[in-house]
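Numbering (my numbering), first residue to last: 7 to 279.
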């Protein structure tokens, strides 16, 4: 999805434009009412602070339109989800997590290389590679892994370029076993994208799926919204990845030409920046 697609910031009809304006007004009025402050004072409130930090990297209308499209242009539904998201970001300390970055995570989990960004696909979407065999259920506290997941999604948002609004996920199932199957974490990510990061996933490609995973998928797919299900594709051969991603943006472990990912810890100088 890009800014130029129908229902996006540079391609709105008259009704959608008016709905966007109404959504902004309703959102600000809700924040004003819930915080018992005037609209002019919103920027200094906890919800207002989170809101304006959230739009600091992009056109503010892009953020609002994500929820409007997700809620089929229902203003009340979109505003409620936005309010819930602002409260969630405040309670989860998402902005603090972004400020401290990897220092807020368990370094052993980061170094596992289970999830990282590398390059862009042919549609210009940042690519998040996930090597599922490197996630061992209960190896680390679930709260720590959730933090890693939130920071990963936030990083993807910051890597968006130009008019592109979504990212791509590559799930490498090579070596998958039931010790890697973490239904609690799967539910967390489903809720994350549906509740707090709608319209953020453009494409998900699953490669190297063993037969045992299809029985897991038979359970998982019932938790996934049909809109997201339509963005998920199972690939039988690595060469099929070339249809979506240039080999220069694929790691060698997936038959690409890009060097495999290796985590480099931040230096003291990096942390002091």
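Virtual Cβ for every residue (Gly too), placed ideally from N, Cα, C. Given the structure is predicted, the values throughout are model-derived calculations rather than measurements.
Ordered along the chain, which non-local residues of its own chain (more than five positions away) have a Cβ less than 8 Å from that of residue i?
i           : result
residue 198 : 155, 156, 159
residue 241 : 211, 212, 213, 247
residue 190 : 148
residue 302 : Any question about residue 302 goes unanswered here, given that the chain covers just 7 to 279.
residue 70  : 26, 29, 30, 33, 84, 88
With a CB to CB cut of under 7 Å and the five nearest residues on each side skipped, what residues in its chain are close to residue i?
i           : result
residue 165 : 123, 132
residue 51  : 37, 41, 43
residue 65  : 15
Using 8 Å as the threshold, is the C-beta distance between residue i and residue j below it?
i           : j           : result
residue 94  : residue 202 : yes
residue 290 : residue 34  : Only positions 7 to 279 of the chain appear in this structure, which leaves residue 290 out of reach.
residue 143 : residue 180 : no
residue 57  : residue 104 : no
residue 81  : residue 21  : no
residue 25  : residue 79  : yes
residue 130 : residue 106 : no
residue 75  : residue 205 : yes
residue 272 : residue 102 : no
Taking the alpha carbon of residue i as the reference point, which residue from the options has its own alpha carbon closest?
i           : options           : result
residue 40  : 54, 28, 27        : 54
residue 262 : 244, 51, 274      : 244
residue 258 : 98, 224, 178      : 178
residue 136 : 23, 96, 260, 10   : 260
residue 127 : 208, 274, 17, 265 : 208
residue 184 : 176, 215, 265, 10 : 215
Could you compute how far the alpha carbon of residue i sits from the alpha carbon of residue j?
i           : j           : result
residue 194 : residue 84  : 21 Å
residue 267 : residue 153 : 21 Å
residue 276 : residue 111 : 16 Å
residue 222 : residue 182 : 11 Å
residue 121 : residue 188 : 15 Å
residue 254 : residue 218 : 31 Å
residue 13  : residue 274 : 45 Å
residue 192 : residue 87  : 21 Å
Starting from the C-beta of residue i, find all residues in its chain whose C-beta is less than 6 Å away, skip the five residues before and the five after it, and write them out in chain order.
i           : result
residue 238 : 210
Report yes or no: do three or more beta-carbon pairs, one from the region 108 to 118 and one from the region 171 to 184, lie closer than 8 Å?
no
At least three beta-carbon pairs within less than 8 Å, the region 244 to 263 to the region 222 to 235
no
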